[in-house]
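Below is one structure, written out as structure tokens; the observations come after it.
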Amino acid sequence: MSEIAEAVAEESRQLAQGGENEPLVRIDELTKVFGTGSSQRVVLAGVNLDVPRGDWVAVVGPSGAGKSTLLQLVAALDTPSSGRVYFASRALHSLSEEQRAEFRRRSIGFVWQRHHLLADFTAAENVAAPLLLDGISHREALRQAGELLEQVGLGARAGQRASELSGGERQRVAIARALVNRPELLLADEPTGELDEQNAEAVFRLMEQLHHSRRLTTILATHNLALARRSRRVLALEHGFLVPAGEAAGASRMAGPSEAGGKERG
Ligand SMILES: Nc1ncnc2c1ncn2[C@@H]1O[C@H](COP(=O)(O)OP(=O)(O)O)[C@@H](O)[C@H]1O
Ligand SMILES: [Mg+2]
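Plus 4 on top of the position in the sequence shown (first one is 1) and you've got the numbering used here.
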């Protein structure tokens, strides 16, 4: 076969494997057990979930249910006791430490309950930080950070230190930072947990806008049921299992590209 024919064949193989219908995230019989002996705690007992591209999934459950544990496993920040997580058909468990770091840098945006911004640096520098780590020039990184800060409504605050921003503003900066590397997947762990109702609403609405405008796939962990119900799918972590928590009222508004592909397995 000629080189070109080989390349075409390879491309069609890849398309066949990782086509649009393949879930972006596949979680397969995932378990996580902390401790040993009498102090052993089974946090995840066999979680199955397919998340198609463009989907928005809320995972609800009381404090201690395992929401953060689940998100950290999806982000390859922790390793499962058993079971698998796949991202775009790539098995996270088979990646080297270096590949996992690159996966986190390029494919995932993470927003935490605490913003984790560098207090003495400006909003723009905080947003630019992941780009600088990626070897992009200071000037270009700050340009892109400024653009993103505009998108989250903070263009005018770009030069302000993080320590001088309000809680809601800091969380907006954290969202901008999470998205600056253009990840496909946004993981948000109680992103509004430390905000008052008004700021929580504003930050959540911003996430909804960005989800659509940047064609994200979003997994949100929250114990705020009112916000969770605006998600296309709401799942509850109960006794280590992920179970449907009823179809959300906002289902049609948050509808992703693949309704049929979005059902839980198992
Ligand atoms: N590194 C760890 N070592 C031991 N136990 C842990 C660890 N991380 C989480 N846990 C336990 O796992 C359970 C679930 O925690 P977590 O995932 O943070 O729940 P949630 O985010 O739903 O509040 C809790 O009982 C917590 O104490
Ligand atoms: Mg948590």
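Think of the CB as a built atom: it goes at the ideal place given N, C-alpha and C, for glycine as much as any other residue.
Given 8 Å, three or more beta-carbon pairs between the segment 196 to 212 and the segment 167 to 177
Counting Cβ pairs under 8 Å, three or more are found: they touch.
Restricting to Cα atoms, I'd like to know which of 123, 189, 50 is closest to residue 115.
Residue mapping note: residue 115 aligns to position 111 of the sequence shown, counting from 1. Among 123, 189, 50, the Cα nearest to that of residue 115 belongs to 189.
Please find out if some non-hydrogen atom of ligand 1 comes closer than 7 Å to the beta-carbon of residue 114.
The residue you call residue 114 lines up with position 110 of the sequence shown. No, since every heavy atom of ligand 1 falls outside the 7 Å radius drawn around the Cβ of residue 114.
DSSP state of residue 268 mapped onto helix, strand, coil
On the sequence shown, residue 268 is found 264 positions in, with the first residue counted as 1. Note on residue 268: pLDDT 47, under 50, position unreliable in the model; the coordinate value appears next. DSSP places residue 268 in coil when its eight states are reduced to three.
Excluding five sequence neighbours on each side, which residues of the same chain lie with their C-beta closer than 8 Å to the C-beta of residue 210?
Within the sequence shown, residue 210 is the residue found at index 206, counting from 1. 156, 157, 176, 179.
With distances taken from each beta carbon to the nearest heavy atom of ligand 1, which residues come in below 5 Å, in chain order?
38, 47, 67, 68, 69, 70, 71, 72, 73
Do you know offhand how far residue 118's Cα is from residue 207's?
Your numbering for residue 118 matches position 114 in the sequence shown. Your numbering for residue 207 matches position 203 in the sequence shown. In a straight line, the C-alpha of residue 118 is about 13 Å away from that of residue 207.
Buried or exposed by the 16-neighbour rule on C-beta atoms within 10 Å, applied to residue 98:
In the sequence shown, counting from the first residue as 1, residue 98 sits at position 94. Classification of residue 98: exposed, given that the 10 Å Cβ count is below 16.
Rounded to whole angstroms, what is the Cα-Cα separation between residue 94 and residue 196?
In the sequence shown, the residue the question calls residue 94 occupies position 90. In the sequence shown, the residue the question calls residue 196 occupies position 192. Rounded to the nearest whole angstrom, the CA to CA distance from residue 94 to residue 196 is 31 Å.
Thinking just about the alpha-carbon of each residue, which of 193, 111, 70 is nearest to the one in residue 90?
The residue given as residue 90 occupies position 86 in the sequence shown. The shortest C-alpha separation from residue 90 is found at 111.
Figure out for me which residue from 88, 244, 221, 243 has the closest Cα to the Cα of residue 235.
Reading the sequence shown from its first residue, position 231 is the one you call residue 235. When only C-alpha atoms are compared, the closest one is 221.
Threshold first: 4 residues or longer. Then list the alpha helix (DSSP H) segments lying entirely within the segment 169 to 200, N to C.
171 to 183
Residue 215 burial status per 10 Å Cβ neighbour count (16 or more: buried):
Within the sequence shown, numbered from 1, the residue matching residue 215 stands at position 211. Answer is buried; the Cβ neighbour count reaches 16.
Inspect the CB distances between the segment 123 to 131 and the segment 139 to 155 and report whether three or more fall short of 8 Å.
yes
Would you decide whether residue 83 is buried or exposed? Buried here means 16 or more other CB atoms lie within 10 Å of its CB.
Locating residue 83 in the sequence shown gives position 79, counting from the first residue. If you draw a 10 Å sphere on the C-beta of residue 83, you find fewer than 16 other C-beta atoms in it, and that means exposed.
How far does the beta strand (DSSP E) with residue 239 in it reach, from first residue to last?
Along the sequence shown, read from residue 1 onward, the residue named residue 239 stands at position 235. Its beta strand (DSSP E) spans residues 237 to 242.
Under the criterion of a Cβ to heavy atom distance below 7 Å, does residue 194 qualify as lining ligand 3?
Ligand 3 is not part of this structure, which contains only ligand 1 and ligand 2.
As assigned by DSSP and simplified to three states, the class of residue 41
For this step, residue 41 is matched to residue 37 along the sequence shown. Three-state DSSP puts residue 41 in a helix.
Which same chain residues, not among the five before or five after residue 254, have their C-beta less than 8 Å away from its C-beta?
By one-based count along the sequence shown, residue 254 stands at place 250. Any reading at residue 254 is ruled out, since the residue's pLDDT is 40, under 50, leaving its predicted position unreliable.
State the DSSP-derived secondary structure class of residue 259, mapped to helix, strand or coil.
Along the sequence shown, read from residue 1 onward, the residue named residue 259 stands at position 255. Per-residue confidence for residue 259 stands at a pLDDT of 39, beneath the threshold of 50, marking its modelled position as unreliable; the derived number appears in the next sentence. It is coil, neither helix nor strand.
Chain-order list of residues whose beta-carbon lies under 6 Å from that of residue 192 (same chain, five-residue window excluded)
Counting from 1 along the sequence shown, the entry for residue 192 is found at position 188. Result list for residue 192: 115, 224, in chain order.
Can you round the beta-carbon distance between residue 65 and residue 240 to whole angstroms, since I take them to be within the 8 Å contact cut?
Residue mapping note: residue 65 aligns to position 61 of the sequence shown, counting from 1. Residue mapping note: residue 240 aligns to position 236 of the sequence shown, counting from 1. Going by Cβ atoms, the distance from residue 65 to residue 240 rounds to 6 Å, so yes, they are a contact pair.
Can you have a look at residue 244 and say buried or exposed, based on whether 16 or more other CB atoms are within 10 angstroms of its CB?
For the purposes of this step, residue 244 is taken as residue 240 along the sequence shown, with counting starting at 1. Residue 244 comes out buried.
Is the beta carbon of residue 37 less than 8 Å from the beta carbon of residue 44?
For the purposes of this step, residue 37 is identified with residue 33 of the sequence shown, where counting begins at 1. For the purposes of this step, residue 44 is identified with residue 40 of the sequence shown, where counting begins at 1. Yes.
Looking only at C-alpha atoms, which of 146, 132, 226, 144 sits nearest to residue 181?
The count along the sequence shown starts at 1 and reaches residue 181 at position 177. Ranking 146, 132, 226, 144 by Cα distance to residue 181 puts 132 first.
Please classify residue 72: is it buried, with 16 or more other beta-carbons within 10 angstroms of its beta-carbon, or exposed?
The residue you call residue 72 lines up with position 68 of the sequence shown. Per the 10 Å Cβ criterion, buried.
By the 10 Å Cβ neighbour count, where 16 or more other Cβ atoms means buried, how is residue 134 classified, buried or exposed?
The residue labelled residue 134 in the question sits at position 130 within the sequence shown. By the neighbour-count rule (16 or more Cβ atoms within 10 Å), residue 134 is buried.
Alpha carbon to alpha carbon, what distance is there between residue 164 and residue 263?
Along the sequence shown, one-based indexing puts residue 263 at 259. Along the sequence shown, one-based indexing puts residue 164 at 160. Because the pLDDT at residue 263 is just 36, under 50, the model does not fix this residue reliably, and the point stays unresolved.
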